[in-house]
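Student: Handing you this structure, nothing more for now.
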Amino acid sequence: MEGQEGPVMECSFAPEFRNRTRYEPSWTVVASDLPRHLTRNGVSFARQHYELLQTNGAYNLQIRNVVFLRDNGRFYCTVLDKESGAQYTVQANIVVVGLFHKFSKIVVNNVS
């Protein structure tokens, strides 16, 4: 829900993909048709908005404070094989719920 702490998007790797010398994990979001890199190999580019939760084999991402316009998109966790160039990507399944503002209808009477 907008204004609240967001969900944890889970991404984990099999043991053979945990070697950071060879494999590079990352998170990307595509919102408003624009891709944005959020993390890459443990470095967070948007610390104020997203928290990277790393443990052995897990590379999870949490939205710190949901903002509908920023977070309403598709989140992808990718691992890049730096030797072969192969990329393995999975889309996180989350739903961002925004607050809708109510607008009052203003009626103006035309007096002649």
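Just so you know, we're using this note's numbering here: the sequence shown kicks off at 296 and counts up by one.
From the three backbone atoms N, C-alpha and C, an ideal C-beta is built for every residue, glycine too.
For His-372, list the residues DSSP reports as bridge partners.
Tutor: It is worth fixing the name first, because residue 372 is Cys in this sequence and not His. In DSSP, Cys-372 forms a bridge with Trp-322 and Val-385.
Student: Apart from the five residues just before and just after Gly-301, which ones in its own chain have a Cβ nearer than 8 Å to its Cβ?
Tutor: Within the same chain, Gly-301 has close Cβ partners Gln-357, Ile-358, Arg-359, Asn-360, Val-361, Asp-366, Ile-389 and Val-391.
Student: Roughly how many angstroms lie between the CA atoms of His-396 and Ala-353, to the nearest whole one?
Tutor: Note that His-396 scores 43 on pLDDT, short of 50, meaning its location in the model is unreliable; the coordinates nonetheless yield the value given after this. Using only the alpha carbons, I get a separation of about 38 Å.
Student: For Ala-353, list the residues DSSP reports as bridge partners.
Tutor: DSSP, once it has assigned bridges, lists Ser-307 and Thr-350 as partnering Ala-353.
Student: Use the C-beta contact count for Val-338: other C-beta atoms within 10 angstroms, 16 or more gives buried, fewer gives exposed.
Tutor: By the neighbour-count rule (16 or more Cβ atoms within 10 Å), Val-338 is not buried but exposed.
Student: Applying the 10 Å Cβ sphere with the 16-neighbour rule, what's the burial state of Tyr-345?
Tutor: Tyr-345 comes out buried.
Student: Taking the alpha carbon of Thr-350 as the point to measure from, which residue in Gly-298, Glu-297, Arg-342 and Cys-306 has its own alpha carbon closest?
Tutor: The candidate whose alpha carbon is nearest that of Thr-350 is Cys-306.
Student: Does DSSP put Arg-317 in a helix, in a strand, or in coil?
Tutor: Residue state, collapsed to three classes: coil.
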